[in-house]
Amino acid sequence: MSEQEQGSYRILGNVDDFPSFPATVTIDRDPFFLVQTNDNDDPAYRLVSAICPHAGGLVRPHENELICPLHFWAFDILTGESTNVPGEHLECRPVEIRDGQFAVLEK
Ligand code: FES
Numbered sequence: 001m002s003e004q005e006q007g008s009y010r011i012l013g014n015v016d017d018f019p020s021f022p023a024t025v026t027i028d029r030d031p032f033f034l035v036q037t038n039d040n041d042d043p044a045y046r047l048v049s050a051i052c053p054h055a056g057g058l059v060r061p062h063e064n065e066l067i068c069p070l071h072f073w074a075f076d077i078l079t080g081e082s083t084n085v086p087g088e089h090l091e092c093r094p095v096e097i098r099d100g101q102f103a104v105l106e107k
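Numbering (UniProt numbering), first residue to last: 1 to 107.
Written out as structure tokens, the structure reads:
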């Protein structure tokens, strides 16, 4: 998806450009997943890093988790918290909808 900067927010793209979740997003060449955390009646969104905190593997969606294929650490797809290695997590940031676009605060 295209990206552009707008103030202190990074625009991820138009809401209409994301018909399903998780959706892949790239920011400064780093891969993320845009996930919907609530149901369609009250949706909320997060950006979850696709880079495993163990040794940098790329996690992949599998059912309700993101799984790293290198050593099989697993993470909750909605929160980024590891489900099999206590205390570990993927970077996770809240996403807002601003003027019909998904936007995430810059770090
Ligand atoms: S790099 Fe992901 S589990 Fe080791």
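Beta carbons: idealized from backbone N, C-alpha and C, even for Gly.
Limits of the unbroken beta strand (DSSP E) element including residue i
i, result
"residue 92", "92 to 98"
"residue 29", "That residue, residue 29, is in no beta strand (DSSP E); it is neither H nor E in DSSP."
"residue 105", "101 to 105"
"residue 74", "74 to 76"
DSSP-derived helix/strand/coil call for residue i
i, result
"residue 15", "helix"
"residue 89", "strand"
"residue 2", "Residue confidence is low: residue 2 scores 47 on pLDDT, short of 50, so the model does not pin down where it sits. No coordinate-derived value is stated."
"residue 20", "coil"
"residue 8", "coil"
Residues sharing a beta bridge with residue i, DSSP
i, result
"residue 61", "66"
"residue 49", "32"
What does the shell around the ligand FES hold, if a residue joins when its beta-carbon is under 5 angstroms from any heavy atom?
-> 52, 54, 55, 57, 68, 70, 71, 73
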